[in-house]
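Participant: Protein chains in written order, with the working numbering: chain A, 988 to 1148; chain B, 299 to 636.
Shown below is the structure under consideration.
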């Protein structure tokens, strides 16, 4: 059988090779690979699309191996496994303890804050963009948490559609 | 039906648009349907012009703009106004476009109920009475066996209510998410392209006549919330009223927040969400280049359906002839079924 995966790798020498080496070791064949070093996502990582062929057991073992190596699998057979959503907070974002805001989002299962961008300016409020990665189906939980924190801290929240 | 006599209630920008649209389309309607439409009465807030043989559309517009009130219409001007007009003339369809009133829905509510009780069909562009009294109006229209059409109340020229009910009638509409207020979309678009602050951009919009002198209904999301109620009742079949909508406007949006969004591939839009779970108007992030990415005063809506998946409609959300276009479509629907 064949399997399509989208992985994320760091932009450092040797990363691509280290991802590819377990494929042969575990009895699978590499059919295709799309790797564009100059296309990075917001985490600064490079998405790599691979198609592999082999027995079901070998392919599943390979997926486990990637997990073990800490390589993030974004998509498996066109099914998105992780999704990334953004939200903007406006108000006294810093003074209402931004660390606490992030920690409380991170406390949720399957939800991680992967980006934070804050603008402090001449205007009387600051604005923060928080990028959240979550397991599929966890997006609404993340948004609900953000909403709850925002209400408590009197921040305006602008969630993604 | 060989003849259709119209009464126009409200003669501001939309009312005048309807008069002009009737002048432009009546010959075509006569050719296609064999029905001669004529305007037999038009009322503004304090007076009216009434002639059972028909009024001249251009003279109506000219009288209103040059003399200030329709009571000055040559020969047929009267002091009769409001609901009394409906007792003083024989008519078939009421075209109602008085200003939206979100406090009590008047005078639109009384006018519609009066017309229904007289057995007349009603076309409206008004949102107030629909947002506050949808169920009452719907039941009254059904009880009197007349048609009540309000395509123009949501999204101006953009087809949405008839689109969902007729063009997508084979589907169940699961949710509607869209940009349903042109003024706020203009303000947010300008803040995005110019990097300007909210107060400055609002001022510019007021100078251009895009935002009203009192912009509250638009910028605080009230107008969009009324539309959410209308769509929930009429398209999703979920009874709702104005107080059920969770509303947050755009007056707290900073240019910095817009800049942050832009740098990360997003835009901030005032989004109306209508689903059985949520009835909500709030600023939201949308992806640049997505179907929500429309600029200026345009409106759009994405309808999520069970069979057709997602269908998106876009169009001009306001304007005299644009709003009149939706009302003419409703009028023709009525003419076809009579």
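The beta carbon of each residue, even a glycine, is placed where N, CA and C say it ideally should be.
1) Strictly by DSSP, which residues pair up with residue 1022 of chain A?
2) When you check each C-beta in the segment 583–613 of chain B against every C-beta of chain A, which residues fall closer than 7 angstroms?
3) If we count Cβ pairs, one from each stretch, closer than 8 angstroms, do we get three or more for the segment 1038–1052 of chain A versus the segment 1091–1105 of chain A?
4) Alpha carbon to alpha carbon, how far is residue 341 of chain B from residue 541 of chain B?
5) Does the distance from the C-beta atom of residue 1113 of chain A to that of residue 1136 of chain A stay below 7 angstroms?
6) Is the CB of residue 502 of chain B under 7 angstroms away from at least one CB in chain A?
7) Strictly under 7 angstroms for the Cβ-Cβ distance: is residue 514 of chain B near chain A by that measure?
8) Indicate whether at least one CB of chain A lies closer than 7 angstroms to the CB of residue 458 of chain B.
9) To be precise: take each residue of the segment 541–571 of chain B, compare its Cβ to all Cβ atoms of chain A, and keep it if any distance is under 9 angstroms. Which residues remain?
10) Quick check for students: name the residue ranges of the alpha helix (DSSP H) that lie wholly in the segment 450–524 of chain B, counting only runs of 4 or more.
11) Using CA coordinates, which residue listed in B:557, B:356 and B:520 is at the minimum distance from residue 296 of chain B?
12) According to DSSP, which residues form a beta bridge with residue 408 of chain B?
13) Counting Cβ pairs, one atom from each stretch, are 3 or more of them under 8 angstroms apart for the segment 415–423 of chain B and the segment 575–587 of chain B?
14) Could you tell me whether the Cβ of residue 1121 of chain A comes closer than 7 angstroms to any Cβ of chain B?
15) With respect to the alpha helix (DSSP H) encompassing residue 1070 of chain A, which residues constitute its N-terminal and C-terminal limits?
16) Hey, out of B:426, B:535 and B:609, whose CA is closest to residue 465 of chain B's CA?
17) At the 7 angstroms Cβ level, is residue 574 of chain B part of the contact set with chain A, yes or no?
18) How many angstroms separate the CA atom of residue 997 of chain A from the CA atom of residue 1031 of chain A?
19) What does residue 1104 of chain A touch in chain B if you count any residue whose Cβ is under 9 angstroms from its own?
20) Within 7 angstroms of any Cβ in chain A, is that where the Cβ of residue 497 of chain B sits?
21) Below 7 angstroms CB to CB, which residues in the same chain sit around residue 529 of chain B once its five sequence neighbours on both sides are set aside?
22) Could you tell me whether the Cβ atoms of residue 553 of chain B and residue 489 of chain B are closer together than 7 angstroms?
23) Please confirm whether residue 537 of chain B has its beta-carbon closer than 7 angstroms to some beta-carbon of chain A.
24) Against residue 581 of chain B, what residues of chain A qualify as contacts under a CB-to-CB distance less than 7 angstroms, listed in chain order?
25) Quick one: using the 10 Å Cβ neighbour count with 16 as the cut-off for buried, is residue 1141 of chain A buried or exposed?
26) Quick check on residue 1067 of chain A - is its C-beta less than 7 angstroms from some C-beta in chain B?
27) Going along the segment 457–485 of chain B in order, which residues come within less than 7 angstroms of chain A, judged by CB to CB distance?
28) Give me, in chain order, the residues of the same chain whose beta-carbon lies closer than 6 angstroms to that of residue 719 of chain B; leave out the 5 immediate sequence neighbours on both sides.
29) Say whether chain B places a C-beta atom closer than 7 angstroms to the C-beta of residue 1085 of chain A.
30) Between residue 1005 of chain A and chain B, is the shortest Cβ-Cβ distance under 7 angstroms, so that the two count as touching?
31) So does the segment 393–403 of chain B actually touch the segment 299–314 of chain B, counting three or more Cβ pairs closer than 8 angstroms?
32) Quick one: which chain B residues come within Cβ less than 7 angstroms of residue 1098 of chain A?
33) How about residue 589 of chain B and residue 603 of chain B: are their beta carbons less than 7 angstroms apart?
34) Residues of chain B with a CB under 9 angstroms from the CB of residue 1116 of chain A: which are they?
35) Taking the Cβ atom as the reference point for each residue, do residue 1100 of chain A and residue 1119 of chain A lie within a distance shorter than 7 angstroms?
36) Any beta carbon of chain B sitting closer than 7 angstroms to that of residue 1077 of chain A?
Facilitator: Quick look at the numbers:
1) In the first chain, counting from the first residue as 1, residue 1022 of chain A sits at position 35. Answer is A:1035.
2) Going along the segment 583–613 of chain B in chain order, one finds 583, 584 and 590 with a Cβ nearer than 7 angstroms to chain A.
3) Segments in contact, no.
4) Reading the second chain from its first residue, position 43 is the one you call residue 341 of chain B. Reading the second chain from its first residue, position 243 is the one you call residue 541 of chain B. Taking the straight line from one Cα to the other gives about 31 angstroms.
5) Your numbering for residue 1113 of chain A matches position 126 in the first chain. Your numbering for residue 1136 of chain A matches position 149 in the first chain. It is not a contact, given that the beta carbons lie outside the stated cut-off.
6) Taking the second chain and counting its residues from 1, one reaches residue 502 of chain B at position 204. Chain A contact via Cβ: absent.
7) Mapped onto the second chain, residue 514 of chain B falls at position 216. Chain A, which has no Cβ nearer than 7 angstroms to the Cβ of residue 514 of chain B, makes this no.
8) Within the second chain, the letter at position 160 stands for residue 458 of chain B. Interface with chain A (7 angstroms Cβ-Cβ cutoff): residue 458 of chain B is excluded.
9) Under the 9 angstroms Cβ criterion, the segment 541–571 of chain B contributes 546, 550, 551, 552, 553, 554, 555, 556, 557, 558, 559, 561, 562, 563, 564, 566, 567, 569 and 571.
10) Entirely contained in the segment 450–524 of chain B, the alpha helix (DSSP H) runs reaching 4 residues are, in chain order, 480–492, 496–505 and 514–517.
11) This structure cannot speak to residue 296 of chain B, because chain B is shown only from 299 to 636.
12) The residue given as residue 408 of chain B occupies position 110 in the second chain. According to the DSSP secondary-structure assignment, residue 408 of chain B is paired through a beta bridge with no residue.
13) These segments do not touch.
14) Looking up residue 1121 of chain A in the first chain gives position 134. Not closer than 7 angstroms to any Cβ of chain B, the Cβ of residue 1121 of chain A fails to qualify, so no.
15) If you number the first chain from 1, residue 1070 of chain A lands on position 83. Where residue 1070 of chain A is concerned, there is no enclosing alpha helix (DSSP H), although the beta strand (DSSP E) it sits in stretches over 1069–1078.
16) As a working note, residue 465 of chain B is residue 167 in the second chain. Nearest of B:426, B:535 and B:609 to residue 465 of chain B, Cα basis: B:609.
17) As a first step, residue 574 of chain B is located in the second chain; it is residue number 276 there, counting from the start. Chain A, which has no Cβ nearer than 7 angstroms to the Cβ of residue 574 of chain B, makes this no.
18) Here residue 997 of chain A is taken as the residue at index 10 of the first chain, counted from 1. Here residue 1031 of chain A is taken as the residue at index 44 of the first chain, counted from 1. Near 8 angstroms, if we compare the C-alpha coordinates of residue 1031 of chain A and residue 997 of chain A.
19) For the purposes of this step, residue 1104 of chain A is taken as the residue at position 117 of the first chain. Per Cβ cutoff of 9 angstroms: 558, 561 and 562.
20) Locating residue 497 of chain B in the second chain gives position 199, where the first residue counts as 1. Interface flag for residue 497 of chain B against chain A is unset, since no Cβ pair is found closer than 7 angstroms.
21) Within the second chain, the letter at position 231 stands for residue 529 of chain B. The beta carbon of residue 529 of chain B lies closer than 7 angstroms to those of 452, 474 and 572 in the same chain, with the five residues before and after it left out.
22) The residue labelled residue 553 of chain B in the question sits at position 255 within the second chain. The residue labelled residue 489 of chain B in the question sits at position 191 within the second chain. Residue 553 of chain B is a Cβ neighbour of residue 489 of chain B, given a cutoff of 7 angstroms.
23) Taking the second chain and counting its residues from 1, the one referred to as residue 537 of chain B is at position 239. Not one chain A Cβ lies under 7 angstroms of residue 537 of chain B.
24) Against the second chain, residue 581 of chain B aligns to sequence position 283. What residue 581 of chain B touches in chain A: 1145.
25) Looking up residue 1141 of chain A in the first chain gives position 154. With a threshold of 16 other beta carbon atoms within 10 Å, residue 1141 of chain A falls short and is exposed.
26) One-based indexing of the first chain puts residue 1067 of chain A at position 80. Judged by the 7 angstroms Cβ criterion, residue 1067 of chain A is not in contact with chain B.
27) Listed by position, the residues of the segment 457–485 of chain B near chain A (Cβ gap below 7 angstroms) are 475.
28) This structure does not reach residue 719 of chain B, given that chain B is present from 299 up to 636, and the question cannot be answered.
29) Against the first chain, residue 1085 of chain A aligns to sequence position 98. It does not; no Cβ of chain B falls within 7 angstroms.
30) Translated into positions along the first chain, residue 1005 of chain A becomes position 18. Judged by the 7 angstroms Cβ criterion, residue 1005 of chain A is not in contact with chain B.
31) Yes: the two stretches touch, three or more of their Cβ pairs being nearer than 8 angstroms.
32) Against the first chain, residue 1098 of chain A aligns to sequence position 111. Under the 7 angstroms cutoff, chain B gives no residues; its nearest Cβ is about 17 angstroms from residue 1098 of chain A.
33) Indexing the second chain from 1 puts residue 589 of chain B at position 291. Indexing the second chain from 1 puts residue 603 of chain B at position 305. Not closer than 7 angstroms, so no.
34) Here the question's residue 1116 of chain A lines up with position 129 in the first chain. Going along chain B in sequence order, the residues near residue 1116 of chain A (Cβ under 9 angstroms) are 555, 558, 559, 561, 562, 564 and 583.
35) Stepping through the first chain from its first residue, residue 1100 of chain A is reached at position 113. Stepping through the first chain from its first residue, residue 1119 of chain A is reached at position 132. Yes, these two residues count as a Cβ contact at 7 angstroms.
36) Residue mapping note: residue 1077 of chain A aligns to position 90 of the first chain, counting from 1. Chain B contact via Cβ: present.
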